[in-house]
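Going by this note's numbering, the sequence shown opens with residue 1, and the numbers climb by one from there. We put the beta carbon where it would ideally sit given N, CA and C, even for glycine. This structure is a prediction, so every number in the text was calculated from the model and none was measured. What follows is a short report on a single structure.
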Amino acid sequence: MRVESEKFEELFRNEKIKVKRITSPKDFSSETFESQEDEWVYVISGHANLKIGEEVKELKTGDSVFIPKNTPNQVVETFEETAWLGIYL
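This is how it looks when you write it as structure tokens:
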């Protein structure tokens with residue numbers, strides 16, 4: 001079964017910050033990313049496992065996590081459709 005890809009919507013951008021709403025479908029797993037910016041992630045709704053460096057964190061609605069720039073990170077699995085707010089500093 002093919003799972004659809006994530007959807008990205010840029011909500012705000014200026015020279016210091018960028019804010020995106022990211023929607024990940026149920027049963028989604030991403031490639032590993034390394035952002036050139038610090039990132040703060042807030043779960044608007046849903047439930048997922050996110051790997052940051054070597055640590056896997058279970059995140060649910062209302063949870064947040066900070067990802068330092070140049071740190072490998074990956075959505076390991078979403079247990080339901082998950083909406084994230086990504087704030088890039």
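> Residues in its own chain within less than 8 angstroms of L89 by CB, not counting five upstream and five downstream?
Replying inline: Here residue 89 is taken as the residue at index 89 of the sequence shown, counted from 1. Hits under 8 angstroms: K16, I17, E37, D38, E39 and W40.
> Mapping DSSP to helix, strand and coil, what is K16?
Replying inline: Here the question's residue 16 lines up with position 16 in the sequence shown. Coil.
> For the beta strand (DSSP E) that contains Q74, what are its first and last residues?
Replying inline: Looking up residue 74 in the sequence shown gives position 74. Run containing Q74: N73 to T78, per the beta strand (DSSP E) assignment.
> Since F8 sits in a beta bridge, which residues does DSSP pair it with?
Replying inline: Here residue 8 corresponds to residue number 8 of the sequence shown, with the count starting at 1. In DSSP, F8 forms a bridge with I22.
>> Within 10 Å of its beta-carbon, does V43 have 16 or more other beta-carbons around it, so buried, or fewer, so exposed?
In response: Position 43 of the sequence shown, counted from the start, is the residue given in the question as residue 43. V43 comes out buried.
> Just checking my contact of Q74 with F33 at CB under 8 angstroms: how many whole Å lie between their CB atoms?
Replying inline: Residue mapping note: residue 74 aligns to position 74 of the sequence shown, counting from 1. Residue mapping note: residue 33 aligns to position 33 of the sequence shown, counting from 1. Taking the Cβ atoms as the reference, Q74 lies roughly 7 angstroms from F33, within the contact range of under 8 angstroms.
> What is the C-beta distance between E77 and A48, in whole angstroms, given that I count them as a contact (C-beta under 8 angstroms)?
Replying inline: Against the sequence shown, residue 77 aligns to sequence position 77. Against the sequence shown, residue 48 aligns to sequence position 48. Rounded to whole angstroms, the Cβ separation of E77 and A48 is 7 angstroms, and the two are in contact under 8 angstroms.
> Roughly how many angstroms lie between the CA atoms of K51 and K57, to the nearest whole one?
Replying inline: Residue 51 sits at position 51 when you count from the first residue of the sequence shown. Residue 57 sits at position 57 when you count from the first residue of the sequence shown. Their Cα atoms are separated by approximately 6 angstroms.
> To which residues does DSSP link T32 through a beta bridge?
Replying inline: As a first step, residue 32 must be located in the sequence shown, where it is residue number 32. Paired residue(s): none; T32 is not in a bridge.
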